[in-house]
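Beneath this line is the structure, given in structure tokens, with notes to follow.
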Amino acid sequence: MVISKTIQLHADPTANQQQMCIIDITHQVEQQVTGTDINSGIVTLFVAGSTAGISTIEFESGLLSDFQGMWERNAPKNIPYDHNRRWGDGNGHSHVRASLLGASLVVPFNDKRLSLGTWQQIVLVDFDNRPRSRQIVLQIMGE
Amino acid sequence: MVISKTIQLHADPTANQQQMCIIDITHQVEQQVTGTDINSGIVTLFVAGSTAGISTIEFESGLLSDFQGMWERNAPKNIPYDHNRRWGDGNGHSHVRASLLGASLVVPFNDKRLSLGTWQQIVLVDFDNRPRSRQIVLQIMGE
Amino acid sequence: MVISKTIQLHADPTANQQQMCIIDITHQVEQQVTGTDINSGIVTLFVAGSTAGISTIEFESGLLSDFQGMWERNAPKNIPYDHNRRWGDGNGHSHVRASLLGASLVVPFNDKRLSLGTWQQIVLVDFDNRPRSRQIVLQIMGE
Chain A
412 MVISKTIQLH
422 ADPTANQQQM
432 CIIDITHQVE
442 QQVTGTDINS
452 GIVTLFVAGS
462 TAGISTIEFE
472 SGLLSDFQGM
482 WERNAPKNIP
492 YDHNRRWGDG
502 NGHSHVRASL
512 LGASLVVPFN
522 DKRLSLGTWQ
532 QIVLVDFDNR
542 PRSRQIVLQI
552 MGE
Chain B
412 MVISKTIQLH
422 ADPTANQQQM
432 CIIDITHQVE
442 QQVTGTDINS
452 GIVTLFVAGS
462 TAGISTIEFE
472 SGLLSDFQGM
482 WERNAPKNIP
492 YDHNRRWGDG
502 NGHSHVRASL
512 LGASLVVPFN
522 DKRLSLGTWQ
532 QIVLVDFDNR
542 PRSRQIVLQI
552 MGE
Chain C
412 MVISKTIQLH
422 ADPTANQQQM
432 CIIDITHQVE
442 QQVTGTDINS
452 GIVTLFVAGS
462 TAGISTIEFE
472 SGLLSDFQGM
482 WERNAPKNIP
492 YDHNRRWGDG
502 NGHSHVRASL
512 LGASLVVPFN
522 DKRLSLGTWQ
532 QIVLVDFDNR
542 PRSRQIVLQI
552 MGE
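Quick look at the structure:
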């Protein structure tokens, strides 16, 4: 059985100093899975777009800041990007980060419970440099 | 229902200065999915081999160069690698990069259409230092 | 069909100098897949917890050391982490690394054989700074 759902989000990476937006979507994923007739299987999360990714993290503000710091060291915002030179939208770092993090995550569930650790949340990481709507596709499969 | 397909590619990372080969496989994935009797589900892409990975990116030459630059900063080619010291094949950086990027990607589809963003392409990233054949397995599952 | 299995591991990152623990789980995954009635499909591997990840690598000691070196350059242990300042458990780098590597991997199989390359092993990468039990969920789906 396949059930397709979407999560719509408004992400505003300009709202904090590091210009990154990390949104905890665990509860919404749980709700969507619980609302189906599928008891065991997998939920595939996929973010459409090339400047955001999906992963898991312990969602506490210290780590969110640490995670942002890692990105700023490894794919800094203020170095030259050929993408920016060509298109002028200033989000070359956003694309590079998103490609490295990855657009998909697959989470198993049994008896409608996701196999997450206690301190492990599912997050959308929006790397872009302007507010935008985001759509995450949840493909729920199983029996 | 499960349908298994493969994409065969010739990748030549020596053809450009950064010795990385990024190949847009979106169209081939779309064709394989469209050619099945499955309307909704997921396609799992997996590259066999330990010096290549799969991700998504906006496939334009500026970004491809920026992406290569990020890898050269974070897992440089010309630093000492224990792998090279032991095996002499000079591709220690290729292995490290591939393990970080990841060998698998899962993309949902509905009505045979992949859930990709407009500027989001699926790519094979070959990090190796010599030309070679690559095989990507597409496991198409759904109903 | 969906069959859910788990792999239980004891991981001790303190046993080596780099304080990282990379465990080859390929054989256990193969055994679990072979032991089911599913011939073709995918196995989703997911590690519960926010300080470990799953990937593939050529499992030889030179590369394991190179991989650890890459993490130490890109998410060093001995820089300030807000997580450590707040919680005092000293594993801020472990969380950051795990979120970047990713908690899930999906591997196709046909005729009960995983689509791995010859030199490509599946690994649990435990980034934490203390010995602990790890549980990996294997969701095996197919027909």
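Chains as they are written, first to last, in our numbering: chain A, 412 to 554; chain B, 412 to 554; chain C, 412 to 554. Where a beta carbon is used, it is the ideal one built from N, C-alpha and C, also for glycine.
Assigned with DSSP and collapsed to three states, A/G480 falls in helix. Going by C-alpha positions, A/V440 is about 14 Å away from A/G452. Taking a contact as a CB-CB distance under 8 Å, the pair A/F520 and A/V454 counts as one, their CB atoms being some 6 Å apart. Using a Cβ-Cβ distance cut-off of 8 Å, the segment 488-508 of chain A and the segment 530-546 of chain A are in contact, since at least three pairs of beta carbons, one from each stretch, lie closer than that value. If you draw a straight line from the Cα of B/P487 to the Cα of A/R484, it comes to about 15 Å. The straight-line gap separating the alpha-carbon atoms of B/T425 and C/A426 is approximately 39 Å. Cβ-Cβ distances below 6 Å link A/T445 to K523 in the same chain, with the five nearest sequence neighbours on each side left out; the list follows chain order. Here B/E554 is exposed, its C-beta having fewer than 16 other C-beta atoms within 10 Å. The three-state reading of DSSP puts B/Q419 in strand, counting E and B together.
Counting C-beta atoms within 10 angstroms of its own C-beta, C/S476 has 16 or more neighbours from the protein chains shown and is therefore classed as buried. B/S472 and A/G473 have their C-alpha atoms spaced approximately 36 Å apart. A Cβ-Cβ contact shorter than 8 Å links C/I547 with C/L456.
C/T467 is bridged by DSSP to C/I533. Linking C/T437 to C/V534 through their CA atoms gives a straight-line distance of about 7 Å. Taking each of C/W530, C/P542, C/H494 in turn and checking the Cα distance to A/I468, the smallest one comes out for C/H494. From the listed residues B/Q443, B/I433, B/N450, B/R496, the smallest Cα separation to B/M412 is found for B/N450. A straight line joining the alpha-carbon of A/Y492 with that of A/W482 spans about 15 Å.
Close to A/T467, with beta-carbon spacing below 7 Å, are these residues of chain C in chain order: S461, S510, A514. When DSSP states are grouped into helix, strand and coil, B/Q439 belongs to the helix group. Nearest in C-alpha terms to A/I433, of all of A/L420, A/Q442, A/Q443, is A/L420.
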